[in-house]
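Student: This is the structure I have questions about; it appears just below.
In the UniProt record's numbering, the protein residues as written are 1 to 291.
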């Protein structure tokens, strides 16, 4: 792993000082008072190559300007029932935190259908969660755990995975590229759990599409992964699909406890996220995050 030196950081910062004002403003909006940490992330993403890291950051900033990313948390997906259908078909949520304070993002890969909206809306939803993580969840965790927290872990549930999921490769590749190019070094580890036999065949197709640094962070755990994950998080922070062997399904039902499934729009995480976006859209100061 490359060691990022102070000299690298200084050279990178000199390059950033020479950029045009719109990019400087976009950079300020991106780093939110932590420019050095942001520079380090992009340097790590390009193995310490200053020129490549600088170009990567400029591409990211231009992407943010062209797509209005700084305003995306003030653009709710409406109506609410349509957004609920997105949450029912794009299973993702926050299950808790690791023992050292990193957010635990749970993703129901195998049971996500992505069939209730356009690619645009699924990508918008994904970016909103990324932005909320970076500008609300991580600062809140930093304050709560009294240490700088700038990364998360992801637990990917493969329950229900089929070869037909490869039909979604265009959308999944788009989301993966957005994360790799514009949110580098934000996920420490990707834990794969509940992997069926077909996972190996799917992985052979998906693996070459991922950045090498992303592939190196993937760990396939045995069964539901509970024993391994309990080494880094307490039981109550485990995603519901990791809490016991043979849980059968990561999809929640109407009879399931709301607090037990972080995928549900009724879960506290999604309620706070959607409320935050609507308050931003209305020009109201959002309420502080409650853990």
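Where is the CB? At the ideal position from N, CA and C, for every residue including glycine.
Residues bridged to residue 187 by DSSP?
Tutor: According to DSSP, which records beta bridges pairwise, residue 187 is partnered with 152.
Student: In three-state terms, what does DSSP make of residue 157?
Tutor: Here residue 157 sits in strand by DSSP.
Student: Residue 77 and residue 124: beta carbons closer than 9 Å?
Tutor: It is a contact, given that the beta carbons lie within the stated cut-off.
Student: DSSP three-state call for residue 220: helix, strand or coil?
Tutor: Strand at residue 220.
Student: Using alpha carbons as the reference points, say which of 176, 183, 20, 227 lies closest to residue 208.
Tutor: Residue 176 is the option with its Cα nearest to residue 208.
Student: Less than 8 Å between the CB atoms is what I'm expecting for residue 41 and residue 185, so what's the real figure, rounded?
Tutor: The pair is a contact, with the Cβ atoms about 4 Å apart (cut-off 8 Å).
Student: What does DSSP give as the partner residue(s) for residue 104 in the beta ladder?
Tutor: For residue 104, which the question treats as bridged, DSSP gives the partners 96, 153.
Student: Beta-carbon within less than 7 Å of residue 214's beta-carbon, same chain only, minus the 5 sequence neighbours each way: which residues are those?
Tutor: Around residue 214: 180.
Student: Give the DSSP-derived three-state secondary structure of residue 193 in the structure shown.
Tutor: In the structure shown, residue 193 sits in a strand (DSSP, three-state: E or B).
Student: Which stretch, first to last residue, makes up the alpha helix (DSSP H) that contains residue 294?
Tutor: Beyond the ends of the chain as shown, which are 1 and 291, falls residue 294; an answer cannot be given.
Student: To the nearest angstrom, how far is the alpha carbon of residue 277 from that of residue 235?
Tutor: Approximately 30 Å between the Cα atoms of the pair.
Student: Within a Cβ cutoff of 6 Å, which residues of the same chain sit near residue 92, ignoring the five residues on either side of it in sequence?
Tutor: The answer, listed in chain order, is 107.
Student: Under DSSP, the alpha helix (DSSP H) around residue 78 begins and ends at which residues?
Tutor: From DSSP, residue 78 is part of no alpha helix (DSSP H); its letter is neither H nor E.
Student: Reducing DSSP to helix, strand and coil, say where residue 49 ends up.
Tutor: Residue state, collapsed to three classes: coil.
Student: Are the CB atoms of residue 225 and residue 178 within a distance shorter than 9 Å?
Tutor: It is not a contact, given that the beta carbons lie outside the stated cut-off.
Student: Return helix, strand or coil for residue 128, following the three-state DSSP convention.
Tutor: In this structure, residue 128 counts as helix in the three-state DSSP scheme.
Student: Can you tell me whether residue 213 is helix, strand or coil according to DSSP?
Tutor: Of the three classes helix, strand and coil, the one that applies to residue 213 here is helix, per DSSP.
Student: Would residue 233 and residue 199 qualify as a contact pair, given that the criterion is a beta-carbon distance under 9 Å?
Tutor: Cβ atoms of residue 233 and residue 199: not closer than 9 Å.
Student: Check whether the stretch 57 to 72 and the stretch 95 to 109 touch, using three or more Cβ-Cβ pairs below 8 Å as the test.
Tutor: Touching, no, given that fewer than three Cβ pairs across the two stretches are closer than 8 Å.
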